[in-house]
DNA sequence: TTAAAAACCTACTCATCAGTTGGTCTTAAA
DNA sequence: TTTAAGACCAACTGATGAGTAGGTTTTTAA
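Chains as they are written, first to last, in the working numbering: chain A, 3 to 202; chain B, 3 to 202.
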């Protein structure tokens, strides 16, 4: 486990560059040479650090992607304040980041699912796990909200979670496509509307 | 315009096979040879019918994809009944089709957007147009609903449309991923919940 | 029935890509 | 200061993919 600092530094640079390129151009349409050019590294370096392109992708998913989703969508709703406020703020912030991101290419998880679904079970397993963590977090948040009287007790937490996830995934696609700012605004207004209907 | 019947027949077979494969495997990861093998045709035949792979894709989008989206998501909500019922039934039916579709790979439009966004402006232009038609149809339906007293007049039709589209796009992704039937059910329950909040 | 146009085929080119081979340079410990 | 492991490089291989060239078969019209 005691990896040298140099190895880890390069390794990390490679992972970061990979996530960025796979996000922008897609996995299959990004060549290893694309990544190496960007990093000023050679083929030899790549295969010194990773067994294969797929191994590389899995490493990216297991470290960077998990962290990204966690910090943007999971951690912000784990506190014990009003569930509705937490989720609204969390989504608002994530979408705002997307708006300001020149070169927003939608929600990485969604893009990856579109790319690997039915094509690579191993990768899908990991994407699935990330989605599951998000789902479980939302379910817990909603249950807490019910317990604390912020959300109607007749609401089904699982259903609310799925509905929230759906709408978030979809709005990220729509925002990547055209007019992100206006679409974000409209989305948020209806998200609030939806939450109103969940109040006791 | 007076194309021979044989030409049109083969042309159409090619388009249908292409949409299916591009949907299942993605555009860039499907080779022309894959398509030709499936059709028992040769390279020569392909380039007799289409100028290039991209030309072929555009033809598929402009004919088959437009029609598919139109018949599943646009036409069903153009009638003059209760807007809310129309949309609920339309989504319900589309999702049910997805559930029963062995090999569902999510919402084609979403998959294509994920694949071409930031990579092919020409293709995106056409996908954008399809989305626009859907959006406009939903906006009209909501406005009709307001006029007919099925939807609260304070509702902003544009926002409702974007929210509905978002959630539909997202649930298709989630359904392609795991447990489509349960997820559809949960989604539909919250879609109804949302619509309740839009009633006068 | 024949000839020409339409529809399709075979065998190529050339570029690109994942992965390999056999090295060299760098660093750190002895 | 030497040396061996660690980190990286340059040049290759073999497979695959989009597109082309020049042919053959099939259909249509005279």
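Just so it is clear, CB atoms sit at the ideal spot from N, CA and C, and this is done for glycine as well.
Apart from the five residues on each side of it in sequence, which residues of its chain come closer than 8 Å, Cβ to Cβ, to residue 113/B? 25, 28 and 107
Of all Cβ atoms in chain A, is any one closer than 9 Å to the Cβ of residue 185/B? yes
With respect to the alpha helix (DSSP H) encompassing residue 36/A, which residues constitute its N-terminal and C-terminal limits? 34 to 41
Please compile the residues from chain B whose C-beta is within a distance smaller than 7 Å of the C-beta of residue 198/A. 199
What does a CB cutoff of less than 7 Å around residue 75/B pick up in its chain, not counting 5 residues either side in sequence? 92, 96 and 136
Under 7 Å from the C-beta of residue 100/B: neighbouring residues of chain A: Chain A residues near residue 100/B: none, gap ~13 Å exceeds 7 Å.
Residue 30/A versus chain B: which residues are under 9 Å apart at the beta carbon? 28, 30 and 31
Rounding to the nearest angstrom, what Cα-Cα distance links residue 33/A and residue 44/B in this structure? 28 Å
When you compare the CB of residue 126/A with every CB in chain B, is at least one pair closer than 9 Å? yes
Identify whether residue 155/A lies in helix, strand or coil by the three-state DSSP scheme. coil
Counting C-beta neighbours from all protein chains within 10 Å, is the total for residue 179/B 16 or more, i.e. buried, or is it exposed? buried
By the DSSP assignment, the alpha helix (DSSP H) with residue 92/A in it spans what residues? 85 to 102
Beta-carbon of residue 175/A versus every beta-carbon of chain B: anything under 9 Å? yes
Residue 48/A in three-state terms, based on DSSP: helix
When DSSP labels each residue in this structure, what does residue 109/B get in the three-state scheme? coil
Residue 71/A and residue 183/A - do their beta-carbons sit closer together than 9 Å? no
Residue from 123/B, 171/B and 41/B with nearest C-alpha to residue 111/B: 171/B
Rounded distance between the beta-carbons of residue 58/B and residue 20/B, thought under 8 Å: 6 Å
One question on the structure: do residue 189/B and residue 189/A come within less than 9 Å of each other, judged by their Cβ atoms? no
Reduced DSSP secondary structure (H/G/I, E/B, other) of residue 82/A: coil
How about residue 3/B: is its C-beta nearer than 9 Å to some C-beta of chain A? The predicted model places residue 3/B with a pLDDT of 37, which falls under 50 and marks its position as unreliable, so this point remains unresolved.
Where residue 121/B sits in the DSSP three-state scheme: coil
Using a C-beta to C-beta distance shorter than 9 Å, which residues of chain A count as neighbours of residue 72/B? Result: empty, since nearest Cβ-Cβ is about 19 Å, beyond 9 Å.
Counting Cβ pairs, one atom from each stretch, are 3 or more of them under 8 Å apart for the segment 116 to 128 of chain A and the segment 130 to 150 of chain B? no
Can you have a look at residue 147/A and say buried or exposed, based on whether 16 or more other CB atoms are within 10 angstroms of its CB? buried
Is there at least one Cβ from chain A nearer than 9 Å to residue 157/B's Cβ? yes
Cβ-Cβ separation, residue 117/B to residue 141/B (assumed contact under 8 Å), whole Å: Not a contact, Cβ separation roughly 27 Å.
Please confirm whether residue 202/A and residue 128/A have their CB atoms less than 9 Å apart. no
Boundaries of the alpha helix (DSSP H) in which residue 65/A is found, first to last residue: Per DSSP, residue 65/A belongs to no alpha helix (DSSP H) and is neither H nor E.
For residue 144/B, go through chain A and note every residue whose CB falls closer than 8 Å to its CB, in chain order. Neighbours of residue 144/B on chain A: none; closest Cβ ~11 Å, over 8 Å.
Separation of residue 157/B from residue 199/A, as counted between CA atoms: 14 Å
Beta carbon of residue 40/B, beta carbon of residue 23/B: below 9 Å? yes
Nearest-angstrom Cα distance between residue 105/B and residue 131/A? 21 Å
Select from the segment 111 to 125 of chain B all residues with a C-beta closer than 7 Å to any C-beta belonging to chain A, and list them in chain order. 112, 113, 115, 116, 117, 119, 120 and 121
Under 9 Å by beta carbon: chain B residues contacting residue 160/A: 184 and 188
Contact residues within the segment 51 to 65 of chain B, judged by C-beta distance below 7 Å to chain A: none
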